[in-house]
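Colleague: Please read through the structure below; I'll follow up with questions.
There are 2 protein chains.
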Amino acid sequence: MKSIARLVDHIISRVNVNLKPIGRDVEPAVRQSIRTDKLTQYYAYYALSIDHPWYFRFQESNLGGSYFLGKCEVDRSVVLKSDIRGDELKPKGAVAYFGGLGTELYQDEIIQIVNSFLVKTLIHNNSQNPEIPEYFRILNTVAMHYSNIHGTTTEGAYLGAFATADLSVLHNCVLGDFAYVQAGDLSRQTIQSGRVWIHQPGVFEFDYMHDPEIIDRYVTFDSKGQLTGEFSDFVRERRSDFLPMYDSLAFESPVPVPESAFLSRYAVVKGESHLGDNCLVAQRACLENATLGNGSNAQENCFIVDSKLEAMDVIAHGGKLIHVELGEKVFVGFNSFLHGEADRKILVGAGTIVMPHTIIDALEPLDIPKKMIVWGYIRTQEDLASHSMSLDDFSKQRELRLGALVFNGDGAAFIKGFQRRIEHILQENGAYYDGNDATRGHAQKTQSVSYNLFQPYLAGEEEAMFPAIVVGNR
Amino acid sequence: MKSIARLVDHIISRVNVNLKPIGRDVEPAVRQSIRTDKLTQYYAYYALSIDHPWYFRFQESNLGGSYFLGKCEVDRSVVLKSDIRGDELKPKGAVAYFGGLGTELYQDEIIQIVNSFLVKTLIHNNSQNPEIPEYFRILNTVAMHYSNIHGTTTEGAYLGAFATADLSVLHNCVLGDFAYVQAGDLSRQTIQSGRVWIHQPGVFEFDYMHDPEIIDRYVTFDSKGQLTGEFSDFVRERRSDFLPMYDSLAFESPVPVPESAFLSRYAVVKGESHLGDNCLVAQRACLENATLGNGSNAQENCFIVDSKLEAMDVIAHGGKLIHVELGEKVFVGFNSFLHGEADRKILVGAGTIVMPHTIIDALEPLDIPKKMIVWGYIRTQEDLASHSMSLDDFSKQRELRLGALVFNGDGAAFIKGFQRRIEHILQENGAYYDGNDATRGHAQKTQSVSYNLFQPYLAGEEEAMFPAIVVGNR
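Chains as they are written, first to last, in the numbering used here: chain L, 1445 to 1918; chain Y, 1445 to 1918.
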């Protein structure tokens, strides 16, 4: 048997050891998501910048079409068309705080991916792992299409398509498709598809359930195990835009890029698009007739089409905007889908928070006021009544049942937590850069990035496997 | 000072320690041959095949535009647009023979390049190094444009443009432009430009001197230190053909390639070109309206333009053919320049040996019979009388003075030595492949080659330097 087949079997067995006891067999999902005969077509990309500590080691792995930045170790894993973005890894000596207690890192933090299968997965480390802050671990884990891992420990877990594990400590657990969790230790739990659950024990709990029939329309696996639904249709239609970009080594930006902004050479930019100062457009983002005002950012797997972002807007990983206009400092959370049309635009006022995994699929023009929090599933102006609230009002809540949302706890702490995080993202991304070093962020630090490209073996026993490679000194 | 400037200074000092005592200062040549501001534009390529042992380590180096295959270590060196082809490295346990005495290799042979500056240099190891056969060493060496190193030890040496160090043990010595040596230990010697010298002490000595004025016309450095002359004019004109090839990751052969043949994806093929079975076309070779009959090969830096090779023809590194027709099993040595025109073709009969560094620049149609040896500088049919001889007649020579050639020793041993080497090359290149594993050569073994691409740092103190990288296990 070829090494790649042995590797896939090995990963399945490692994950199933954790998940079969809670009723999940990952084998069908893994087998359907990989065509080993196609794996030789992809390169892996490793970005080097002068501002990030780098070290990269992988062995007995397949890294097809994947992108890495920062310190990574990948062993016995399949990392397929995934983005591993390690630009917020903590350096040696940094102090990490957990529940107010500080502890110093004895070495640079490192992303460790072992015995895992990641397909089109986004890993971005802003880790909150009290168990061992030196390692951002993804062990014995299967993560499906367009899922996001934004914090570890992720051990023995399954993440469905478009699922998000945010800041969290997970363990052997199952996240359904389009589920979002920010809820700490989920050992031996199964999170239903479409659930959006943020739980800070003793402080607050936000719990929203998307209607399963609606989730089916947007994200589902068909009887053959193929990902279908409107999200993947949308993404698939634009796939061909990315191909020429990956074939060419040369890069010439199709639009002017201000000196303080960053446009990844692995992002697609089409039509009449404009970038303001301090903007950040990450790899695998796609802009088409998009205007990004100063300090705005489009993270990995974002699509911003026929849309206008005034300034300081944050589109988190996988956010999709079509015919949308955002006021200043709007936050659009992970994998949110804001789908307007030319004759039914979606307007979002300044300071509004669009919760992760929100679907706004407009049947009529929508006008969302400023300083709102918006969640769930919205198609009409009327839907907003039961799926949004002013930040001020939400801050006053202690117990709220509104449609499919249950909120308990300190509404003000919840809103403030989000706002702090948005400020953190803007700072980290360099949105506030004023020419001084102290204000530099990703947009400035990633400017002079260069790339190493690795191709797998094309034949023989090791076909589709990559050679052991070490870049840099750990 | 930036690291790249420190590195260049360091190399100059290391080489000059060896060469200043014999009157050579390499500093001007090195400084003129490098534009450190351009170095960030190039990638380094490392080829992985399933048939060659691979291991690659480099540190504190610049590898701009360079290509590697096989086991290499590169430390504190500038390797600029060079080809390091290690597909004849001896494996551990192989027995190497020197003067009839055999010795077993205690580890795989490895190419070591340390404190060296190589620009457009071709390294191809078929090493004959009795000093330590486990290492193919290029230490403290400066090798200029289109020079060839085809054997070590090369320590403390300077090779001029289009110079060739063949099979040899060199030490601190200077090879002038377009000089060819196959002469063992040359410590503290200076070899004049245009000398073609093959010396096997006690057996034979072939010594030809090109007229210095003629060499000036073909290879010279101008007052600004820029390489000029007809050779570099010829190469420079075709440079743009190579650019799109290096920019693209995808490869589709412009001509049909038989299953048993190899066409490098880094070779240029234009016009009406054809490849026969078992052909080998190496990277940086250029074919234009070229027909390569079965078993023929075009090695690195070859140009075969408007020409036809019948079968089993060997064009060694840097050989250039324009309007040439070769019969079967013709050998064209290193850096030979056979320049015909549509109305004055150069015909070369079967079994003929064109010596390395031969210039045939036809003023009229030329017809070279079969089984000849040809050398020196030829422009007319009449010139052939004093620059060629039948192999049979040459084999009878013990002492020969003919024009600028002096030959002493065993003519038969000299001719047989060449013929054995041609057979070795054909075998190694897979020209005799018949479907059996035992007859596989480079053309078959290099089929499924994949590439790793490395890009240097683009800014900062380390600009133009590459990160330390290790591929594979030594």
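Backbone N, C-alpha and C define an ideal beta-carbon position, used for all residues, glycine too.
For chain L, find out if any of its Cβ atoms is closer than 8 Å to the Cβ of Y/Leu1903; answer yes or no.
Modeller: Residue mapping note: residue 1903 of chain Y aligns to position 459 of the second sequence, counting from 1. According to the sequence shown, residue 1903 of chain Y is Ala rather than Leu. So yes, Y/Ala1903 belongs to the interface.
Colleague: Using 8 Å for Cβ pairs, my map puts L/Leu1897 next to L/Tyr1487. What's the rounded Cβ distance?
Modeller: Taking the first residue of the first sequence as 1, we reach residue 1897 of chain L at position 453. Taking the first residue of the first sequence as 1, we reach residue 1487 of chain L at position 43. Indeed they touch by this definition, with Cβ atoms about 5 Å apart.
Colleague: Which one of L/Phe1778, L/Lys1815, L/Ala1794, L/Asp1750 has the shortest CA to CA distance from L/Ile1803?
Modeller: The count along the first sequence starts at 1 and reaches residue 1803 of chain L at position 359. Nearest C-alpha to L/Ile1803: L/Phe1778.
Colleague: Since L/Val1712 and L/Ile1466 should fall inside the 8 Å C-beta cutoff, what is the C-beta to C-beta distance between them, to a whole number of angstroms?
Modeller: Locating residue 1712 of chain L in the first sequence gives position 268, where the first residue counts as 1. Locating residue 1466 of chain L in the first sequence gives position 22, where the first residue counts as 1. Contact between L/Val1712 and L/Ile1466 does not hold, since the beta-carbon distance rounds to 39 Å and is not under 8 Å.
Colleague: Would DSSP call L/Gln1551 helix, strand or coil?
Modeller: Taking the first residue of the first sequence as 1, we reach residue 1551 of chain L at position 107. DSSP, reduced to helix, strand and coil, places L/Gln1551 outside both helices and strands of the structure shown, so it counts as coil.
Colleague: Quick test of your reading: Y/Gln1572 and Y/Leu1611, contact by CB under 8 Å. State the CB separation rounded to the nearest angstrom.
Modeller: Translated into positions along the second sequence, residue 1572 of chain Y becomes position 128. Translated into positions along the second sequence, residue 1611 of chain Y becomes position 167. That belief holds up - the Cβ atoms of Y/Gln1572 and Y/Leu1611 are roughly 5 Å apart, short of 8 Å.
Colleague: When DSSP labels each residue in this structure, what does Y/Gln1888 get in the three-state scheme?
Modeller: Taking the first residue of the second sequence as 1, we reach residue 1888 of chain Y at position 444. Three-state DSSP puts Y/Gln1888 in a helix.
Colleague: Let me know the secondary structure DSSP gives Y/Ser1708 once reduced to three states.
Modeller: Counted from its first residue, the second sequence places residue 1708 of chain Y at position 264. Here Y/Ser1708 sits in coil by DSSP.
Colleague: Flag this pair as yes or no: are the beta carbons of L/Ser1526 and L/Ser1510 separated by less than 8 Å?
Modeller: Position 82 of the first sequence, counted from the first residue, corresponds to residue 1526 of chain L. Position 66 of the first sequence, counted from the first residue, corresponds to residue 1510 of chain L. Yes. Within cutoff.
Colleague: For a test of the three-state rule: what should DSSP assign to Y/Leu1463, helix, strand or coil?
Modeller: Here residue 1463 of chain Y is taken as the residue at index 19 of the second sequence, counted from 1. Three-state result, Y/Leu1463: helix.
Colleague: Per DSSP, what kind of secondary structure is L/Tyr1489 in: helix, strand or coil?
Modeller: Your numbering for residue 1489 of chain L matches position 45 in the first sequence. The answer is strand: DSSP assigns L/Tyr1489 an E or B state.
Colleague: Between the C-alpha atoms of Y/Val1818 and Y/Thr1796, what's the straight-line distance to the nearest angstrom?
Modeller: Residue numbering aside, residue 1818 of chain Y sits at position 374 when the second sequence is read from its first letter. Residue numbering aside, residue 1796 of chain Y sits at position 352 when the second sequence is read from its first letter. C-alpha separation (whole angstroms): 8 Å.
Colleague: Any Cβ of chain Y within less than 8 Å of the Cβ of L/Asn1917?
Modeller: Against the first sequence, residue 1917 of chain L aligns to sequence position 473. Yes, L/Asn1917 counts as interfacial toward chain Y.
Colleague: Run through chain L and tell me which residues come within less than 9 Å of Y/Ile1494, C-beta to C-beta.
Modeller: Translated into the one-based positions of the second sequence, residue 1494 of chain Y becomes position 50. Chain L residues near Y/Ile1494: Tyr1901, Leu1902, Ala1903, Gly1904, Glu1905, Glu1906, Glu1907.
Colleague: Please go through the same chain and pick out, in chain order, the residues whose beta-carbon is closer than 8 Å to the beta-carbon of Y/Gln1551, but skip the five residues on each side of it.
Modeller: The sequence position of residue 1551 of chain Y within the second sequence is 107, counting from 1. Within the same chain, Y/Gln1551 has close Cβ partners Lys1536, Glu1578.
Colleague: From the DSSP output, which residues share a beta bridge with L/Lys1714?
Modeller: For this step, residue 1714 of chain L is matched to residue 270 along the first sequence. In the DSSP output, where bridge partners are listed per residue, L/Lys1714 has L/Glu1732.
Colleague: I'd like the list of long-range same chain contacts for Y/Glu1649, defined as Cβ closer than 6 Å, with 5 residues on each side in sequence excluded.
Modeller: Here residue 1649 of chain Y is taken as the residue at index 205 of the second sequence, counted from 1. Same-chain partners within the cutoff: His1643, Asn1852, Gly1853.
Colleague: Taking the CB atoms as reference points, tell me whether Y/Gly1720 and Y/Ala1755 lie closer together than 8 Å.
Modeller: As a first step, residue 1720 of chain Y is located in the second sequence; it is residue number 276 there, counting from the start. As a first step, residue 1755 of chain Y is located in the second sequence; it is residue number 311 there, counting from the start. Yes, they are a contact pair.
Colleague: Do you know how far the Cα of Y/Cys1730 is from the Cα of Y/Gln1636?
Modeller: Here residue 1636 of chain Y is taken as the residue at index 192 of the second sequence, counted from 1. Here residue 1730 of chain Y is taken as the residue at index 286 of the second sequence, counted from 1. Our two residues, Y/Gln1636 and Y/Cys1730, have alpha carbons roughly 30 Å apart in a direct line.
Colleague: Can you give me the C-alpha to C-alpha distance between L/Tyr1876 and L/Asn1569, rounded to a whole angstrom?
Modeller: The residue labelled residue 1876 of chain L in the question sits at position 432 within the first sequence. The residue labelled residue 1569 of chain L in the question sits at position 125 within the first sequence. Between L/Tyr1876 and L/Asn1569, the C-alpha separation is close to 21 Å.
Colleague: So for L/Lys1752, helix, strand or coil by DSSP?
Modeller: On the first sequence, residue 1752 of chain L is found 308 positions in, with the first residue counted as 1. Three-state DSSP puts L/Lys1752 in a strand.
Colleague: Measuring CA to CA, which of L/Gln1891, L/Lys1814, L/Thr1608 is closest to Y/Gly1904?
Modeller: Numbered from 1 along the second sequence, position 460 holds the residue referred to as residue 1904 of chain Y. Checking every option, the nearest Cα to that of Y/Gly1904 belongs to L/Gln1891.
Colleague: Looking only at DSSP bridge pairs, what is Y/Phe1775 linked to?
Modeller: Position 331 of the second sequence, counted from the start, is the residue given in the question as residue 1775 of chain Y. For Y/Phe1775, which the question treats as bridged, DSSP gives the partners Y/Val1758, Y/Ile1797.
Colleague: Taking DSSP's pairing of strands, which residues face L/Ser1612 in a bridge?
Modeller: Within the first sequence, residue 1612 of chain L is the residue found at index 168, counting from 1. DSSP lists no partner for L/Ser1612.
Colleague: Count the other CB atoms within 10 Å of the CB of Y/Gln1626; is the residue buried (16 or more) or exposed (fewer)?
Modeller: As a first step, residue 1626 of chain Y is located in the second sequence; it is residue number 182 there, counting from the start. With 16 or more Cβ atoms within 10 Å of its Cβ, Y/Gln1626 is classed as buried.
Colleague: Is Y/Tyr1662 buried or exposed, if buried means 16 or more other CB atoms sit within 10 Å of its CB?
Modeller: For the purposes of this step, residue 1662 of chain Y is taken as the residue at position 218 of the second sequence. It is buried - the Cβ of Y/Tyr1662 has at least 16 other Cβ atoms within 10 Å.
Colleague: Quick test of the definition: if touching needs 3 or more C-beta pairs under 8 Å, does the region 1860-1869 of chain L touch the region 1449-1461 of chain L?
Modeller: no
Colleague: So that I know if they touch, is there some Cβ in chain Y lying closer than 8 Å to that of L/Phe1898?
Modeller: Here residue 1898 of chain L refers to the residue found at position 454 when the first sequence is read from its first residue. Interface residue, yes.
Colleague: Please report whether the beta-carbon of Y/Val1914 lies at a distance below 8 Å from any beta-carbon of chain L.
Modeller: Taking the second sequence and counting its residues from 1, one reaches residue 1914 of chain Y at position 470. Taking Cβ atoms only, chain L reaches closer than 8 Å to Y/Val1914, which makes this a yes.
Colleague: Counting only beta-carbon atoms, is Y/Tyr1895 nearer than 8 Å to chain L?
Modeller: The residue labelled residue 1895 of chain Y in the question sits at position 451 within the second sequence. Answer yes: the Cβ-Cβ gap between Y/Tyr1895 and chain L drops below 8 Å somewhere.
Colleague: Please state whether DSSP places Y/Ile1817 in a helix, a strand or coil.
Modeller: Residue mapping note: residue 1817 of chain Y aligns to position 373 of the second sequence, counting from 1. Residue state, collapsed to three classes: strand.
Colleague: Check each residue of the region 1688-1719 of chain L: if its Cβ is closer than 8 Å to any Cβ of chain Y, include it; give the result in chain order.
Modeller: Tyr1690, Asp1691, Ser1692, Leu1693, Ala1694
Colleague: Which class does Y/Lys1764 belong to by DSSP, given the choice of helix, strand or coil?
Modeller: Within the second sequence, numbered from 1, the residue matching residue 1764 of chain Y stands at position 320. Three-state DSSP puts Y/Lys1764 in a strand.
Colleague: For a test of your reading of the model: does the CB of Y/Glu1906 fall under 7 Å from any non-hydrogen atom of the ligand FMN? Yes or no.
Modeller: The ligand FMN is not among the ligands present in this structure, which contains no ligands whatsoever.
Colleague: If we require 3 or more residues per run, which beta strand (DSSP E) segments fall completely within the region 1598-1669 of chain Y?
Modeller: Runs of the beta strand (DSSP E) inside the region 1598-1669 of chain Y: 1608-1610, 1624-1626, 1639-1644, 1648-1653.
Colleague: For the alpha helix (DSSP H) that Y/Ser1477 lies in, which residues bound it at each end?
Modeller: Taking the second sequence and counting its residues from 1, the one referred to as residue 1477 of chain Y is at position 33. From DSSP, the alpha helix (DSSP H) with Y/Ser1477 extends over 1471-1477.
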